[in-house]
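Single-structure report; data block below.
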Amino acid sequence: MVSQIWSLRGWTRALLVCGWMTVAIPARAEDGKLDIDFYLRARVETISGEFRPGLPATNTALLLRTEIRAEYDAGPIRIGGEVFDARAYFQRSRSSINTAEVNAVEPVQAYLKTDFSNRATVTLGRFTINQGSRRLIARSIFRNSTNAFTGARIDLSDRQGDHAVLFWTMPQTRLPDDPAGIADNAVELDRERLGVQFFGGSVTSRKLGSGTTVEAYLYRLAEHDAPGILTRDRRLWTPGLRVYHPPARGKTDFEVEAAWQGGTTRGSARTNDLADLPVSAWFAHAHIGHGFAHAWSPRLAVQFDIASGDRSSTRYTRFDPLFGARVFEFGPSSLYGPISRSNLISAEARVELSPSKRWDGYVAVRPLWLQSSSDSFGATGVRDSTGGAGRYAGTQVDARARYWIRPSHVRLALGYANLFKGDFLTTASNAPATGDTHYGYGEITLTL
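Note that my numbering gives residue 9 to position 9 of the sequence shown, counting from 1, and the numbers run on in steps of one.
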């Protein structure tokens with residue numbers, strides 16, 4: 001079976017090298033106990049008006065992502081694994097491309113999963129996690145590589161639909177992480193170590209009724225330096241609460257989530273930075289939307305996001321988004337991605353449409369401010385320690401359209417984002433003089 005999988009992988013990768021397709025091929029053994037999924041993706045991205053200092057003003061890249069997933073159900077035990085192959089080509093030197101885009105031939109999952117009963121599941125080994133809203137723990141979808149963990153997870157549920165999760169993991173460090181290795185798409189196995197541990201749990205309940213769900217969680221991240229590895233020695237506690245009602249046609253939906261962060265951290269990973277600063281940081285999200293019973297299934301939504309920035313020399317107040325995803329709220333990442341859940345005040349108006357089973361898309365407008373004028377904004381790396389550049393970072397407009405050329409088999413996706421830079425991103429001391437940022441991508445998906 002292994003030789004057949006690698007043969008199939010080689011065949012489909014040959015198609016990928018042509019740079020025009022994504023392939024997902026499901027296979028199922030006759031006895032129904034073996035599932036194999038083969039997935040390929042190719043995306044061309046381009047950016048001009050780079051917002052990050054020290055990078056080329058323009059860039060273009062071809063990102064290729066290959067996944068092979070398999071799970072064998074042997075009764076009470078399921079054996080699963082996944083090989084992830086993420087590569088980038090044609091980007092310029094000194095590009096922003098890093099381990100978020102490149103992670104070649106990596107077994108991100110290799111696990112045993114057992115059901116003690118129909119209410120309890122234990123997973124051991126390497127695995128990915130989608131937790132809650134995915135704002136703090138997520139398996140990446142748009143991003144070329146993904147977060148993965150090694151450890152143990154327990155899922156518990158009751159007949160009323162309430163759910164609890166407990167986990168202890170060591171996050172996998174994606175390798176290679178040096179510029180030469182990334183540029184060459186070098187194959188180097190990721191590693192996990194006891195010096196970085198991430199654990200916690202959540203409880204989700206639907207007992208509020210009327211389709212409303214409440215979730216409470218507590219996460220712990222503990223890391224320290226090791227030979228050849230420098231960290232900020234983060235020792236963070238993150239408790240949070242979320243209440244939501246999911247979107248539905250002809251219905252009003254809403255969501256409110258807030259989390260606080262405490263513990264200690266160092267201001268940097270430098271060898272001479274030995275001061276442990278107390279942490280007090282936070283983030284909050286709220287939105288309300290309404291789906292209309294119309295032929296195009298429009299949904300209108302407004303949302304608000306805020307995350308603390310650093311503003312003190314005696315304590316650390318910048319929120320750490322841990323292992324969360326941001327694309328589903330803040331627009332594309334990869335060569336783009338200026339917004340993160342750090343030092344942010346922002347509102348958004350969004351229109352989503354689904355004219356048919358083949359079409360879906362959205363348009364969103366989001367003005368952006370800094371929560372702390374003396375900290376760097378989001379993921380831009382732009383900072384004015386004096387606060388003299390103000391708080392207005394700019395306004396982002398982004399849109400996406402997806403179309404099934406052949407339903408369930410061939411899908412085209414196109415996306416665009418424009419960052420109209422505000423005073424902060426144009427006048428801060430290290431802000432690049434590159435004008436407004438324009439970003440676009442094209443992607444086509446083939447499912448056989």
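For glycine and all other residues, C-beta sits at the position ideal for the given N, C-alpha and C.
What first and last residue would you give for the alpha helix (DSSP H) that runs through residue i?
i      : result
Glu329 : 327-330
Ile36  : Where Ile36 is concerned, there is no enclosing alpha helix (DSSP H), although the beta strand (DSSP E) it sits in stretches over 34-48.
Pro171 : Counting along the chain, Pro171 falls outside any alpha helix (DSSP H), though it belongs to the beta strand (DSSP E) covering 163-171.
Cβ atoms of residue j and residue i: under 8 angstroms apart, would you say?
i      : j      : result
Leu277 : Arg318 : no
Asn430 : Arg400 : no
Gly422 : Gly394 : yes
Ile339 : Arg326 : yes
Leu370 : Gln396 : no
Ser372 : Asp310 : yes
Phe84  : Glu101 : no
Val122 : Gly442 : no
Leu175 : Arg153 : no
Thr380 : Arg94  : no
Ile129 : Leu322 : no
Tyr39  : Gly80  : no
His459 : Thr437 : The displayed coordinates of the chain run from 1 to 448. Any statement about residue 459 would go beyond what the structure contains.
Ala120 : Leu156 : yes
Leu236 : Val196 : no
Arg232 : Ala269 : yes
Leu34  : Tyr89  : no
Ile463 : Ile182 : In the structure as shown, the chain begins at 1 and stops at 448. Residue 463 is therefore absent and cannot be evaluated.
Near residue i, what residues of its chain come up, given a Cβ to Cβ distance below 8 angstroms and the 5 sequence neighbours on each side ignored?
i      : result
His290 : Lys251, Thr252, Asp253, Arg299, Leu300, Ala301
Ser210 : His245
Gly331 : Gly337, Ile339, Ala364, Arg366, Gln396, Asp398, Ala417
Trp296 : Leu353, Ser354, Pro355
Give the DSSP-derived three-state secondary structure of residue i in the structure shown.
i      : result
Asp423 : helix
Pro367 : strand
Val187 : coil
Thr454 : A question about residue 454 goes unanswered here, because the residues of the chain that appear run from 1 up to 448.
Trp359 : strand
Glu30  : Confidence is the limiting factor: at Glu30 the pLDDT is only 44, short of 50, which leaves the residue's position unreliable, though a coordinate-based value still follows. The answer is coil: DSSP assigns Glu30 none of H, G, I, E or B.
Tyr336 : coil
Met21  : A caution first: Met21 carries a pLDDT of 40, below 50, which makes its placement in the model too unreliable to give a value.
Arg193 : coil
Phe323 : strand
Ile97  : coil
Trp296 : coil
Ile5   : Residue placement at Ile5 is flagged as unreliable, the pLDDT there being 34, under the threshold of 50; a coordinate-derived value is accordingly withheld.
Ser313 : coil
Asn418 : strand
Gly200 : strand
Arg400 : strand
Arg383 : coil
Ala431 : coil
Leu412 : strand
Ala389 : coil
Thr271 : coil
Arg406 : strand
Excluding the 5 residues preceding and the 5 following residue i in the sequence, name in chain order all residues of the same chain whose CB lies nearer than 6 angstroms to its CB.
i      : result
Gly19  : Any reading at Gly19 must be qualified, since the residue scores a pLDDT of 36, below 50, and its modelled position is unreliable; no value is offered.
Arg135 : Gly324
Phe198 : Thr169, Pro171, Leu221
His285 : Glu257, Asp305
Trp404 : Arg358, Arg411
Gly435 : Gly49
Ser308 : Ala281, Trp282, Thr317, Phe319, Gln371
Gly200 : Leu218, Tyr219, Arg220
Ile288 : Phe254
So residue i is in the beta strand (DSSP E); what residue range does that whole segment cover?
i      : result
Ile182 : Looking at the DSSP string, Ile182 is not in any beta strand (DSSP E); the run it does join, the alpha helix (DSSP H), is 179-183.
Pro107 : 103-117
Phe304 : 299-307
Tyr89  : 77-89
Asp73  : 58-74
Pro278 : 277-291
Ser346 : 344-353
Tyr441 : 437-447
Within its chain, find whatever has a CB closer than 7 angstroms to the CB of residue i; leave out the 5 residues flanking it on each side and keep chain order.
i      : result
Asp273 : Arg266, Gly267
Gly132 : Ser202, Glu215, Tyr217, Arg242
Arg92  : Pro56, Asn59
Ser140 : Thr146, Asn147, Ala325
Asp375 : Gly309, Asp310, Arg311, Arg318, Asn343, Arg383
Any heavy atom of the ligand FMN closer than 7 angstroms to the Cβ of residue i?
i      : result
Ser376 : Here there are no bound small molecules, and the ligand FMN is not part of this structure.
> Counting only runs that start and end within the region 125-158, where is the beta strand (DSSP E) found for 3 or more residues in a row?
Replying inline: 149-157
>> List, from N- to C-terminal side, the beta strand (DSSP E) runs of 3 residues or more that fit wholly inside the region 206-267.
In response: 213-223, 235-245, 252-265
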